[in-house]
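Some notes on the structure that comes next.
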Amino acid sequence: MIEKIITWSINNRFFVWLGIVMIAIGGLYSIKNMPVDAIPDLSENQVIVYTEYMGRNPKIMEDQITYPLVSNLQGIPKIKSIRAASMFGMSFIFVVFDDGVDEYWARTRVLERLNYAQRFLPQGVTPTLGPDGTGLGHVFWYTLDGDGYNLGELRALQDWYVKFALQNVDGVSEVASFGGFQKLYQVTIDPHKLIYYGVPLMDITRAVTANNRDVGGSLYEMNSTGYLIRGQGYITGLEDIRDISIGTYKSIPVLLSDVAEVQMSSDLRLGIVDENGEGEVVGGIVV
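Numbering-wise, the sequence shown is residues 514 to 800 according to the working numbering.
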């Protein structure tokens, strides 16, 4: 058999060289177009669903968030398995699809089910899809450092400036922030004063929510000129919160400062980030 192949190759040199050239061209094409990774991506074809409901223990997260979502995600075509994890204030669901399923098709199917499952979740809770990257997509880690800036100010710079600038870079799907303090306005209510003024706790929540928004007043025309009317109501500082009216007592307005103490604070932290053992830092991860 080998002798016949050798004999045929000698007698048909043109076809042999033609085959060699075609193989060489195919090899060059494959080299230029084959995706090459420094580390092969062995992760599963999955879509991550993340839901935040801060302040709730894992049992509540499982009963009110994770279980309703998993129940509604079942039945999507081409699903291999669904895994979930419930922890303090957070729920993660990993929807694993069959190999070969288009990533964006899978994300669209999951998003359709999430829109339907929204009605079964507590008010104000919205599940979101994770980034369309892989576990090997952490291409860049960085930290922020600056003299005269505390951790809260550095975190604000990261969340409102650096993060958005990096997300505009081509190929970046998400920038995750970590470290520092997330600033917030903290209202510490005195229950004895609530009883004295006869103000329900829910009235305070509604008043603070209603007083932190701008409103429009349509268009006012005068002397053939139209003027846009706008009511400015966004909170700009602590005094704006303290001056919110939450009710009346003997025909006298009751302000939030009469029943509560308003101050700047930071959100609950579940960990810190350290760099080279030199202390806590603020930074981000580019995915």
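Every residue, glycine too, gets a C-beta built ideally from N, C-alpha and C.
The model shown is predicted, which means the values in this text are computed figures rather than measured ones.
Contacting residues, own chain, Cβ-Cβ under 7 Å from residue i (five flanking each side not counted)
i, result
"Arg-626", "Asn-585, Leu-586, Ile-589"
"His-836", "The structure shown does not extend to residue 836, since the chain spans only 514 to 800, so no value can be given for it."
Beta-carbon proximity check, residue i vs residue j, cutoff 8 Å
i, j, result
"Tyr-733", "Asp-771", "no"
"Leu-697", "Asp-615", "no"
"Tyr-580", "Pro-635", "no"
"Gly-760", "Asn-724", "no"
"Val-795", "Leu-657", "yes"
"Val-799", "Leu-679", "yes"
"Val-775", "Leu-741", "no"
"Thr-564", "Pro-640", "yes"
"Phe-694", "Leu-670", "no"
"Arg-596", "Phe-607", "yes"
"Ser-604", "Ile-578", "yes"
"Arg-743", "Asp-727", "yes"
"Ser-690", "Lys-676", "yes"
"Arg-632", "Val-560", "no"
"Gly-602", "Gly-568", "yes"
"Leu-667", "Gly-659", "yes"
"Asn-558", "Asp-612", "yes"
"Ala-537", "Leu-582", "no"
Buried/exposed call for residue i, threshold 16 Cβ in 10 Å
i, result
"Pro-548", "exposed"
"Val-534", "exposed"
"Phe-610", "buried"
"Gly-692", "buried"
"Val-529", "exposed"
"Val-562", "buried"
"Met-574", "buried"
"Val-712", "buried"
"Val-682", "exposed"
"Val-786", "exposed"
Contacts around residue i, its chain only, beta-carbon distance under 8 Å, and the 5 residues preceding and following it disregarded
i, result
"Leu-768", "Arg-755, Asp-756, Ile-757, Ser-758, Ile-759"
"Gly-718", "For the record, residue 718 in the displayed sequence is Thr; it is not Gly. Taken in chain order, the list of residues that qualify is empty."
"Asp-485", "The structure shown does not extend to residue 485, since the chain is modelled only from 514 to 800, so the question has no answer here."
"Gln-699", "Val-775, Gln-776, Met-777, Ser-778"
Proximity winner among the options, relative to residue i (alpha-carbon distances)
i, options, result
"Gly-784", "Glu-793, Met-777, Ser-778", "Glu-793"
Close-in-space but distant-in-sequence residues of the same chain around residue i (CB under 6 Å, 5 per side omitted)
i, result
"Met-600", "Pro-571"
"Trp-654", "Ile-798"
"Lys-591", "Phe-610, Asp-611, Val-614"
Considering only residues of the segment 604-645, which uninterrupted alpha helix (DSSP H) runs meet the minimum length of 4 residues and lie entirely inside it, listed in chain order? Whole alpha helix (DSSP H) segments, 4+ residues: 616-630.
Could you tell me which uninterrupted beta strand (DSSP E) segments, each at least 3 residues in length, are contained entirely in the segment 683-746, listed from first to last along the chain? Every beta strand (DSSP E) stretch that sits fully inside the segment 683-746 and reaches 3 residues is listed by chain position as 688-691, 696-702, 728-735, 738-744.
Mind pulling the beta strand (DSSP E) runs of 3 or more residues that sit fully within the segment 755-783? For the segment 755-783, whole beta strand (DSSP E) runs of length 3 or above, ordered along the chain, are 758-762, 765-768, 773-779.
Ignoring anything shorter than 3 residues, give me the beta strand (DSSP E) runs that lie fully in the segment 518-566, in order along the chain. Runs found: 559-565.
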